[in-house]
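Chains as they are written, first to last, in the UniProt record's numbering: chain A, 1 to 321; chain B, 1 to 321; chain C, 1 to 321; chain D, 1 to 321.
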């Protein structure tokens, strides 16, 4: 029977992680459990760096970006010895189950710990929205809104100068942030890793739309599709009259107070994580699939892979022209 | 065959209405239609106040709150003569179908126009999220985030003064805004029209949570549940030591640039409205049900009524204590 | 010689108080002093509720609204016995000087403590900007920007509905917030305590401006000038066609991350407070006068009273019509 | 006697330009003048691209970033022929004086036009705050607050990962933005063009502060001091353990709704520009010096050059360590 759970955040931080830490801690205590917070991700497990969490210690954090428990990428945890140390520390501290908040890599780490015998649950937390087992990851909605606000500013300048503004956003392997923010800001073009488009095609599309009546345009580029810098160079060379400019949003997108949606989903994911453990479940990732909160065992997670919506992709370009 | 559509906004304005006007106009033109924008809702129909919309005239509005076409509540349209005049104007101007963006009352108006023979489609636009036929209305996500930002400010003051902050939000008939913002901000209590709770119970809950360790609390009150003023008066009388304060957010909640979600949904609703008309559909409300964009005929809309999530309601109080 | 200083926040909280706490603590330590933080204002002095502050304990707070040290209005401190207790606690704890961050009332409290023999310095912190000895108080710039953002949202709704939006802002005795936010948002009228204007004159001005071409207007009302509710009632009765609405911004205006100006001024005020004490100064209020940071002894403070700018008041109405 | 004035915006856009256009137009009309808005800066003068401005046409723009009149850098205006054409167009259109809103380069252009015989006035509008004749330029306060908000987000990530976050901000020739935002966000170090500091010194300072207790730091770099990229490369090479990251804020800093201060100053500058012309003044730049709104003839402007505050520069490092 589970009496004490551990919780850690791992990989890149994401808005909503603190809300999830609060949610897991308070809901677990509401159900009679105690909670140990592990610092700096898997590194903290290996080096025994932790602190007891209480209702109070997670008060006043729901709206804060980043993660109270800090996070890191642990080299040592990639080794068998590292994981063994982590496992032993969990045993020694009578931690019956571990909740990991993080992205794809963090989930793989959790799966390896599970293999050693400690039940784990992963709560998806990454702004990139690119995890199997869920259509939604904590931080994604905030990141998209941060991009939107930034583009709303950049548009002021672009339209004052009749210029093409190229904006590079995060998304190494997936175009979720680029597509949703592009749709929301009314971009003329969105470049995503999932779709191959040549720079000439980009330029032709802009030329065409400027022929009609447009004088300024927004191009959203996911870092995984092509470098924003390459787009800028190409446009400068072939269409200097369009007065192209580039902004790389970078780390800006990872911080900030969580949006309402991220803070709410953090609570629901936390509840599911604790309930699932208490009902005997383990070694699974929490997710939202077709608007339902579900738990999917790591072993089945590859059945639930989601990708960008084709219709939305086409719609951006239909509306943006 | 449909060649020209009219579009108007009606009832209270909501963020995302401009994005929907842009979406309908551009997508309709993309499909070869022309678009007439009617001013000031049904009043504009009656008095023939309109303007042709082009790709260009809806440029640079996607991120603006309010509605370019303006909106009003029309007394005259409530009469048969008023509606007849509206119908005749539409006929005279060769408008083959009308897209109405608005809330429940606006949809009822559209239904009555449909009865006269003009095909209509309603796109749900109201911050209250309280329409049959959809789980999501344009403006809702923005309003909830606006409330969240406001409460994040109010919390600074509440926790500096160890006080109970009562915040009254919109929601005459439904607790959606109150519940989602309450969940997102980590409120101790949420009062919604759907749940009867006495002021004594509210006070007892706060006393209990302050006994444990809390020194400041947030109480979110939907205007339709009880007046924020009554909660304040009760608390001042019975628990002056809690130093209660009240903020009524009011019209603040209705404006602002649409959130990413509202701007995106506006595009998807717009696309569905036009596609549905072009495929021969009519007299229906567009909606999002179980994460799918659907069109539901007015006659069947009462089958799809949604209400606040019971689990979320309980969870707020489990986490907030 | 001064070796240890105490610091407290008193009265209503204001954005920038945390930045000032950080500034005083770090600058004092940089100058070789130690710092004791007193909790809950003068109450904390009386009851000996305090904590040592370090460079680290004031890290990560510069951008947070409210006050880490909490604040309260102390009844006990209004009595001679209360102040005597406070004085004795300071003596017993070897605190050589006290820095008080707060408004006018807090400064008067500091002056009374000074009379007992403990050197004090007041740093002006109140959103109302209504203190003698300074043209600028911490929190003012943030509050004005918060009002501006709120009015920018409310304007969306007002212009969509062709309505007069009445917005009540803080300012019991002074119209600073109302005037500066009114000027910044392009209000048609600003009502401030310093100027007597009848409701009929307000209505006449609006009628006149709507006759020309305006269809929506913003009226900013300082709470100390007239109740927003009275303006609403009058307009509803005499000009229902203007569709008047009221929003009372309330406590919203007191919270939030400090603006750049407030955070910067907090640092400069803090530096001056410590330097002044170290140079033998005492019993004075720090202030910004004609863009210079100065210290004015309490006894001379009434020579430096500032009021709203007459030219700005007239300009709002010249530009707003 | 002046009856008709022209107005244009030139150079990089800045928040507050629209507020200044509104201010000049409305105040000029209030004084009985008519106003012609010239599009795309000096290019519009040369090609006769203009539109009459009315009270109404400048309604609803006070809070918008960018410039309604658009702006451009004109190659043709750098030639004598270009300026002659511009002058002739002004003559032909009976424009008695020209108000230019822009930065240093735009002021030089205005001076050259003045030499041809047309009275001009420059209103300082550039986010960089680097113009002679004024301590404040429109857009500066908004830009600093935009940087502050961005850094507040970046800090979440930096402190979650115990990392050094390098943030590059605008400022080719002056460190105003870097210094004020650095002071406001509590940066550990600020690099400005006015001060030579080696990368080794930067690194040593960070090492020192991390030795004490700090685990994350913010470094603000003005683009004119050193490339953010160089700082990143150096830190990665010599202190990889500090986990350095870089964000280049870029065009983001130029857009957005003006802050309260920028919108207010725009009105005051506009009033002064019109009043100065009406009182017979000409060929001058409006400015704020020691908190007073003044007009300084172009010929004397170099007497009023302002630079970053040495005390503030030192204070950042005293408080940041």
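Note that CB positions come from ideal geometry on N, CA and C, so glycine has one too. Since we're looking at a predicted model, the values are computed, not measured.
| query | result |
| --- | --- |
| Anyone know if the C-beta pair for residue 36(A) and residue 118(A) falls short of 8 Å? | no |
| With 8 Å set as the bound, which would you pick, yes or no: does the beta-carbon of residue 125(C) sit closer than that to a beta-carbon of chain B? | no |
| Taking all protein chains shown into account, do 16 or more other C-beta atoms lie within 10 angstroms of the C-beta of residue 172(A), making it buried, or fewer, making it exposed? | exposed |
| Looking at residue 304(A) and residue 132(A), is the spacing between their C-beta atoms short of 8 Å? | yes |
| Ends of the alpha helix (DSSP H) at residue 245(B)? | Looking at the DSSP string, residue 245(B) is not in any alpha helix (DSSP H); the run it does join, the beta strand (DSSP E), is 245 to 248. |
| To which residues of the same chain is residue 187(D) closer than 7 Å at the C-beta, ignoring the five residues directly before and after it? | 218, 219, 220, 316 and 320 |
| Per DSSP, residue 103(B) forms a beta bridge with which residues? | According to DSSP, which records beta bridges pairwise, residue 103(B) is partnered with nothing at all. |
| Which bits of chain D does residue 161(A) rub up against, with CB to CB less than 7 Å? | 13, 71 and 72 |
| Residue 246(D) and residue 228(D) - do their beta-carbons sit closer together than 8 Å? | yes |
| When you compare only the Cα positions, how much space is there between residue 263(D) and residue 174(D)? | 23 Å |
| What is the DSSP secondary structure of residue 45(B), reduced to helix, strand or coil? | helix |
| On the CB-based measure, 16 or more other CB atoms within 10 Å of its CB, does residue 311(C) come out buried or exposed? | exposed |
| Name the residues in the region 83 to 99 of chain A whose C-beta lies less than 7 Å from a C-beta of chain E; which are they? | Structure shown: chain E not included; protein chains present are A, B, C and D. |
| Since residue 28(B) and residue 5(B) should fall inside the 8 Å C-beta cutoff, what is the C-beta to C-beta distance between them, to a whole number of angstroms? | 6 Å |
| Please name the residues in the region 235 to 248 of chain A whose beta-carbon is closer than 8 Å to at least one beta-carbon of chain D, in chain order. | 245, 246, 247 and 248 |
| Answer yes or no: does any C-beta atom of chain A fall closer than 8 Å to that of residue 53(D)? | no |
| Do three or more CB pairs link the region 53 to 70 of chain A to the region 81 to 88 of chain A at distances below 8 Å? | no |
| Got a sec, what are the start and stop residues for the beta strand (DSSP E) residue 288(A) sits in? | 284 to 289 |
| Would you give the residue range spanned by the alpha helix (DSSP H) that residue 177(B) belongs to? | 176 to 185 |
| Between 198(D), 93(D) and 71(D), which lies nearest to residue 159(A) when the distance is taken from Cα to Cα? | 71(D) |
| Quick one, which residues of the region 174 to 205 of chain B are near chain A if we go by CB-CB under 8 Å, in chain order? | 180, 181, 183, 184, 185 and 186 |
| Can you find the residues in the same chain that come closer than 8 Å, C-beta to C-beta, to residue 203(D), ignoring five residues on each side of it along the sequence? | 234, 235, 238 and 239 |
| So for residue 279(C), helix, strand or coil by DSSP? | coil |
| Beta-carbon of residue 105(C) versus every beta-carbon of chain B: anything under 8 Å? | no |
| Which class does residue 36(A) belong to by DSSP, given the choice of helix, strand or coil? | strand |
| Please confirm whether residue 45(B) has its beta-carbon closer than 8 Å to some beta-carbon of chain C. | no |
| Determine the direct distance from the alpha carbon of residue 216(C) to that of residue 210(C), and round the result to whole angstroms. | 8 Å |
| Rounded to the nearest angstrom, how far is the Cβ of residue 136(D) from that of residue 265(D), given a contact under 8 Å? | 6 Å |
| Looking at C-alpha atoms only, which residue of 302(C), 283(C), 306(C) and 289(C) is the closest neighbour of residue 116(C)? | 283(C) |
| Apply the 10 Å Cβ neighbour rule to residue 341(C) and answer buried if 16 or more other Cβ atoms are within range, or exposed otherwise. | The displayed coordinates of chain C run from 1 to 321. Any statement about residue 341(C) would go beyond what the structure contains. |
| Considering just the uninterrupted stretch of the beta strand (DSSP E) at residue 121(C), what are its terminal residues? | 120 to 124 |
| Pick from 124(A), 7(A), 93(A) and 149(A): whose alpha carbon is nearest that of residue 25(A)? | 7(A) |
| Leaving out the 5 sequence neighbours to the left and right, which residues in its chain are closer than 8 Å to residue 52(D) when beta-carbon positions are compared? | 34, 35, 36 and 37 |
| How far does the beta strand (DSSP E) with residue 51(A) in it reach, from first residue to last? | 50 to 53 |
| Within 10 Å of its beta-carbon, does residue 290(C) have 16 or more other beta-carbons around it, so buried, or fewer, so exposed? | exposed |
| Taking the straight line between their C-alpha atoms, what separation do you get for residue 288(B) and residue 224(C)? | 47 Å |
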